[in-house]
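J.: Have a look at the structure that comes next, please.
There are 2 protein chains.
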Amino acid sequence: MIRLLLFDVFGTLVDWRTGVAREARAVLEPLGIATDWLGLADAWRDRYQPAMQEVRMGRIAYTKLDALHRRNLDVVLTKLGLERVAEEAREELTLAWHRLDAWPDVPPALSRLRERFFLAPCSNANISLMVDLARRNGLAWDAIAGAELARDYKPKPAVYLTACAAFDCRPDEALMVAAHSSDLAAAAAAGLRTAFIARPRERPNAETGPSGPVDFTASDLGALADELLAREPAAC
Amino acid sequence: MIRLLLFDVFGTLVDWRTGVAREARAVLEPLGIATDWLGLADAWRDRYQPAMQEVRMGRIAYTKLDALHRRNLDVVLTKLGLERVAEEAREELTLAWHRLDAWPDVPPALSRLRERFFLAPCSNANISLMVDLARRNGLAWDAIAGAELARDYKPKPAVYLTACAAFDCRPDEALMVAAHSSDLAAAAAAGLRTAFIARPRERPNAETGPSGPVDFTASDLGALADELLAREPAAC
Numbered sequence: 277m278i279r280l281l282l283f284d285v286f287g288t289l290v291d292w293r294t295g296v297a298r299e300a301r302a303v304l305e306p307l308g309i310a311t312d313w314l315g316l317a318d319a320w321r322d323r324y325q326p327a328m329q330e331v332r333m334g335r336i337a338y339t340k341l342d343a344l345h346r347r348n349l350d351v352v353l354t355k356l357g358l359e360r361v362a363e364e365a366r367e368e369l370t371l372a373w374h375r376l377d378a379w380p381d382v383p384p385a386l387s388r389l390r391e392r393f394f395l396a397p398c399s400n401a402n403i404s405l406m407v408d409l410a411r412r413n414g415l416a417w418d419a420i421a422g423a424e425l426a427r428d429y430k431p432k433p434a435v436y437l438t439a440c441a442a443f444d445c446r447p448d449e450a451l452m453v454a455a456h457s458s459d460l461a462a463a464a465a466a467g468l469r470t471a472f473i474a475r476p477r478e479r480p481n482a483e484t485g486p487s488g489p490v491d492f493t494a495s496d497l498g499a500l501a502d503e504l505l506a507r508e509p510a511a512c
Numbered sequence: 277m278i279r280l281l282l283f284d285v286f287g288t289l290v291d292w293r294t295g296v297a298r299e300a301r302a303v304l305e306p307l308g309i310a311t312d313w314l315g316l317a318d319a320w321r322d323r324y325q326p327a328m329q330e331v332r333m334g335r336i337a338y339t340k341l342d343a344l345h346r347r348n349l350d351v352v353l354t355k356l357g358l359e360r361v362a363e364e365a366r367e368e369l370t371l372a373w374h375r376l377d378a379w380p381d382v383p384p385a386l387s388r389l390r391e392r393f394f395l396a397p398c399s400n401a402n403i404s405l406m407v408d409l410a411r412r413n414g415l416a417w418d419a420i421a422g423a424e425l426a427r428d429y430k431p432k433p434a435v436y437l438t439a440c441a442a443f444d445c446r447p448d449e450a451l452m453v454a455a456h457s458s459d460l461a462a463a464a465a466a467g468l469r470t471a472f473i474a475r476p477r478e479r480p481n482a483e484t485g486p487s488g489p490v491d492f493t494a495s496d497l498g499a500l501a502d503e504l505l506a507r508e509p510a511a512c
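Read top to bottom, the protein sequences are chains A and B.
Residue numbers for the first sequence follow this note's numbering, beginning at 277 and rising by one.
Residue numbers for the second sequence follow this note's numbering, beginning at 277 and rising by one.
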């Protein structure tokens, strides 16, 4: 029986790429800057995993994703020849990740799933970022699980297991939903059930299907909701 | 400027005493047990602070309130001569704390406050308990802050400060709301602003007013909402 649905957020629930590009343009274009906005988003995102790796390996203490995004932004701006962007604009730009839009299928599907299951994000983002995305997109979470609760980063097993423990769930009572096979493989290794959602528009070369075994595969969250609501009893 | 409202829960938002008495009766009366149900609730609650003190002092690792409630229940049942209550009924009884009703003014006041402020419980209860109370009473939290996020118990300053940090708030941008002066004194010492709500029906000898300085005093949460909404700008 599935009691808890846990969700990856960047890419799986929200469109980070066009959102970061849009927000970066909104902050930088008034300063007379023109650049490849999607390229800036991609370059920023490419530094995401290496920055978290410092925490995962214990080389630095747990540091919020906002702070890692801020440090990575400095490197990206330098690479793009944009050293002249002032501190205040960099702070504002870092909040681009708080202003992303959900894929259109997400809000209605979560509303339907909430009638039957406990719902929480299990993202590497910090709590305030998740709160802002929830407010912006009308996502009614039961609690904000993820990296800040576990004080470590996915795919470390503690992040998935801390989320389950917060809901008094055994790992096999939780379903991790993501558009990324590596996230699902780590969740499965920790004992969770897994659902792959295809997000072909996340970025160039996005995964179109899971690269390993998963419990569910769906074309979007609406389709996953249809399948779960047809077969699982109410857990809440 | 106030951005975040943090709430004590037991006594301040929910009526633990008559709720625990009702739930205990529902579990134990079918087993042929009769006792003073409100007395059982009071005796259980009286063991609350000493149990948390073991964690605060570092004598035991952080342990969820559900687990502390479960241990305290054993002591209470023995004192009441109810050793015959079986393990399964004890587990069920421990969930009494997940099934409490909000004071009637709470859900509408939180809905109004949510239009203007970020809202989170800052309780010593664990996350699953807060989730169950939120579902039961229709409380729309932005996130569940409190003891489980901080892995320590109020009135330790880390609990209040971890809640503020999760919302990227300075302590003086957060308002702690409680019916207990000791909670508010600790929040104020950590730099938060404070609001006392009177809950004369919480238990015999409940506080009718704050015993020290606070920023706001209100007769209930509806009255506090009136005052905050009249004077504070929107933070979200």
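Every residue, glycine too, gets a C-beta built ideally from N, C-alpha and C.
Treat the numbers as computed from the prediction; the structure is a model and nothing was measured.
Should Ala-454 (chain A) be flagged as near chain B, meaning a C-beta pair shorter than 9 Å?
T.: It does not; no Cβ of chain B falls within 9 Å.
J.: Bridge partners of Gly-422 (chain B), per DSSP?
T.: Partner(s): B:Ser-399.
J.: Roughly how many angstroms lie between the CA atoms of Phe-492 (chain B) and Asp-496 (chain A), to the nearest whole one?
T.: Looking at the two C-alpha atoms, the distance is approximately 48 Å.
J.: Hey, is Ser-404 (chain A)'s beta-carbon within less than 9 Å of any beta-carbon in chain B?
T.: Yes, Ser-404 (chain A) lies at the interface with chain B (some Cβ there is under 9 Å from its Cβ).
J.: Please classify Arg-477 (chain B): is it buried, with 16 or more other beta-carbons within 10 angstroms of its beta-carbon, or exposed?
T.: Per the 10 Å Cβ criterion, exposed.
J.: So, does the CB of Cys-512 (chain A) fall closer than 9 Å to a CB anywhere in chain B?
T.: Yes, Cys-512 (chain A) counts as interfacial toward chain B.
J.: Go through its chain and collect everything with a Cβ distance to Met-406 (chain B)'s Cβ below 8 Å, but skip five positions before and after it.
T.: Taken in chain order, the residues that qualify are Val-285, Pro-397, Ser-399, Trp-417, Ile-420, Gly-422.
J.: Out of A:Glu-359, A:Ala-362, A:Ala-385, A:Ala-317, which one is the CA nearest neighbour of Ser-494 (chain A)?
T.: Checking the sequence shown, residue 494 (chain A) turns out to be Ala, not Ser. It is A:Ala-385 whose Cα lies nearest to the Cα of Ala-494 (chain A).
J.: Examine the ligand GTP and report whether any of its heavy atoms sits within less than 8 Å of the Cβ of Leu-281 (chain A).
T.: Questions concerning the ligand GTP fall outside what the structure shown contains, since it holds no ligand whatsoever.
J.: Between which residues of its own chain and Asn-515 (chain A) is the CB-CB distance below 6 Å, once the five residues before and five after are set aside?
T.: Since the first residue shown for chain A is 277 and the last is 512, residue 515 (chain A) is missing from the structure and cannot be characterised.
J.: Using DSSP's beta-bridge definition, name the partner residues of Met-277 (chain B).
T.: In DSSP, Met-277 (chain B) forms no bridge with anything.
J.: Going by DSSP, what residues sit across from Leu-451 (chain B) in a beta bridge?
T.: For Leu-451 (chain B), which the question treats as bridged, DSSP gives the partners B:Leu-281, B:Arg-469.
J.: Flag this pair as yes or no: are the beta carbons of Ala-409 (chain B) and Ala-426 (chain B) separated by less than 9 Å?
T.: Correcting the residue type first, residue 409 (chain B) is Leu in the shown sequence and not Ala. Not a contact, by the Cβ cut-off of 9 Å.
J.: DSSP three-state call for Ala-378 (chain B): helix, strand or coil?
T.: Note: Ala-378 (chain B) maps to strand in three-state DSSP.
J.: Name the chain A residues whose beta carbon is nearer than 9 Å to that of Glu-359 (chain B)?
T.: Under the 9 Å cutoff, chain A gives no residues; its nearest Cβ is about 26 Å from Glu-359 (chain B).
J.: Taking Cβ-Cβ distances shorter than 8 Å, what residues in chain A pair up with Val-407 (chain B)?
T.: Per Cβ cutoff of 8 Å: Phe-394, Asp-418, Ala-419, Phe-443.
J.: Should Val-351 (chain B) go down as buried or exposed, given a rule of 16 or more other Cβ atoms within 10 Å for buried?
T.: Exposed, since its Cβ has fewer than 16 Cβ neighbours within 10 Å.
J.: Using a Cβ cut-off of 9 Å (strictly closer), state whether Leu-425 (chain A) contacts chain B.
T.: Interface residue, yes.
J.: Does the Cβ of Leu-460 (chain A) have 16 or more other Cβ atoms within 10 Å, making it buried, or fewer, making it exposed?
T.: By the neighbour-count rule (16 or more Cβ atoms within 10 Å), Leu-460 (chain A) is buried.
J.: Who are the Cβ neighbours of Ala-501 (chain B) in its own chain at under 6 Å, not counting the five residues just before and after it?
T.: Within the same chain, Ala-501 (chain B) has close Cβ partners Ala-385, Arg-388, Leu-389.
J.: What separation, rounded to the nearest whole angstrom, lies between the Cα atoms of Pro-489 (chain B) and Leu-504 (chain A)?
T.: For Pro-489 (chain B) and Leu-504 (chain A), the distance between alpha carbons rounds to 52 Å.
J.: Which whole runs of the beta strand (DSSP E) in the region 486 to 511 of chain A are 3 residues long or more, in chain order?
T.: Qualifying beta strand (DSSP E) stretches, in chain order: 492 to 494.
J.: Using DSSP bridges, identify the partner residues of Val-351 (chain A).
T.: Paired residue(s): none; Val-351 (chain A) is not in a bridge.
J.: Cα separation between Ala-432 (chain A) and Ala-463 (chain A)?
T.: Going by the sequence as given, residue 432 (chain A) is Lys instead of Ala. So the two alpha carbons sit approximately 9 Å from each other.
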